[in-house]
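Trainee: Residue numbers (the working numbering): 215 to 593.
#1: Given a threshold of 16 other Cβ atoms within 10 Å of its Cβ, counted over all protein chains shown, does residue 563 qualify as buried or as exposed?
#2: How is residue 284 classed by DSSP in three states: helix, strand or coil?
#3: Classify residue 451: buried if its beta carbon has 16 or more other beta carbons within 10 angstroms, exposed otherwise.
#4: In angstroms with no decimal places, state the Cα-to-Cα distance between residue 570 and residue 490.
#5: Give, in chain order, every unbroken run of the alpha helix (DSSP H) that is at least 4 residues long and sits entirely within the region 240-276.
#6: Using 8 Å as the threshold, is the C-beta distance between residue 345 and residue 220 below it?
#7: Under a Cβ-count criterion, where at least 16 other Cβ atoms within 10 Å of its own Cβ denotes burial, should residue 280 be classed as buried or exposed?
#8: Express the C-alpha separation of residue 385 and residue 453 in angstroms, rounding to a whole number.
#9: Could you tell me the distance, in whole angstroms, from the CA atom of residue 583 to the CA atom of residue 315?
#10: Within the region 303-358, note down every full alpha helix (DSSP H) run reaching 4 residues or more, in order along the chain.
#11: What does a CB cutoff of less than 7 Å around residue 400 pick up in its chain, not counting 5 residues either side in sequence?
#12: Go ahead and label residue 500 buried or exposed: buried means 16 or more other beta carbons lie within 10 angstroms of its beta carbon, across all protein chains shown.
#13: Does the separation of the CB atoms of residue 488 and residue 587 fall below 8 Å?
#14: Identify every run of the alpha helix (DSSP H) within the region 496-582, keeping only runs that are complete inside it and at least 4 residues long; order them along the chain.
#15: Residue 300: buried (16+ other C-beta within 10 angstroms of its C-beta) or exposed?
#16: If you measure between the beta carbons of residue 542 and residue 263, is that distance less than 8 Å?
#17: So residue 554 and residue 353 are in contact, right, with Cβ under 8 Å, and what is the actual spacing, rounded?
#18: In whole angstroms, give me the CA-to-CA distance for residue 310 and residue 423.
#19: Suppose contacts are defined by Cβ-Cβ distances below 8 Å. Is residue 428 in contact with residue 556 by that definition?
#20: What whole-angstrom Cβ distance do residue 270 and residue 322 have, given they're in contact under 8 Å?
#21: Please state the DSSP three-state secondary structure of residue 293.
#22: DSSP state of residue 439, grouped into three classes?
#23: Let me see if you follow: with CB-CB separation under 8 Å, is residue 287 close to chain D or not?
#24: What is the residue span of the alpha helix (DSSP H) that residue 466 lies within?
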């Protein structure tokens, strides 16, 4: 099951590797304005507000998470084909909204599948998940190299084999028996969500994703404005994920030697520094390399802690909905708001201003976390 579980992570994040670093450049090549680019990029996060909650609820109610993952993979791929019609801004906005509504259903459901299969060995999650990072790096490097020779307009065609990989890998995981969950005590989900430590956890992650808005939307454009080529841009994206892989391999040791509070606060401070370095010192390659290595903490550390946090607080009855809330309220709402705000800052000022905005968001996150974060229950 190790390779079956790892396979879908590989292809899912390979699609992100082909999409995130280059999609804004593709949109810029199509003639869209910075605000239009920010809006279109925000759709990748926006549908996470609703889609994971709906699919997570269906997964919890029916127990058919594997079938739902397969449905999302096939349907999302079919709707992405609308990109080839070159439908203009509003048409592309509709295509992206529908495509991501199904596509964003996959990962939260699959996280639950993976953790349940691992059972008591959930500390091995990082070793399974790191194959997603490998897929991301491979796609970033390969697509970046090909775009040195091909016009950026060919990007959607380069993504087609990855969609095929996602569809095939979704059918390699054996189907579940379809057992329905045991009904949870009435009002238990509300009591979890309104717990002060859980509210702090969600607010911290919301602000974290707001700060990532400039990175996921304008990092490639920011680098291009400073004279970096597409292959160099891809390699810099890959460098961040290589650091993430190393982090996932040693994360279990960090959790044994440091408290959750120490790990999270340290990661937030380093993330604040990362955005400031990218904002002001992009032309200095060694500094930019260091900033990209900090992706290990700004994403890797905080995500690994968050997955266990969700399992600890939401437990057996609401694990799927907890994972969906985490995805929707943080990556969804926070990521979309961050993308839009960065669009306004880039349109009115510069790409550097957007990264300074991300650094400011982290200052607020540090204060919130310092005051209210508590470790998750074990188990």
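A virtual CB, placed ideally from N, CA and C, is assigned to each residue, including glycine.
Mentor: Here's the rundown:
#1: Exposed, by the Cβ-count rule.
#2: helix
#3: buried
#4: Distance from the CA atom of residue 570 to the CA atom of residue 490, rounded to whole angstroms, is 6 Å.
#5: 248-260 and 265-276
#6: yes
#7: Label assigned to residue 280: buried.
#8: Residue 453 and residue 385: Cα-Cα distance of roughly 31 Å.
#9: 31 Å
#10: 320-332
#11: Confidence at residue 400 is low in this model, with a pLDDT of 47, below 50, so the placement of that residue should be treated as unreliable; the coordinate-derived value is given next. Counting only Cβ-Cβ distances below 7 Å, and skipping sequence neighbours, we find nothing.
#12: Exposed, because fewer than 16 other Cβ atoms sit within 10 Å of the Cβ of residue 500.
#13: Contact: no.
#14: 499-507, 516-540 and 549-562
#15: exposed
#16: yes
#17: Contact doesn't hold; Cβ gap of about 26 Å is too wide.
#18: 20 Å
#19: Contact: yes.
#20: About 6 Å; that satisfies the 8 Å criterion.
#21: Residue 293: helix per DSSP, three-state reduction.
#22: Three-state DSSP puts residue 439 in a helix.
#23: The structure shown contains no chain D; it is built from a single protein chain.
#24: 444-471
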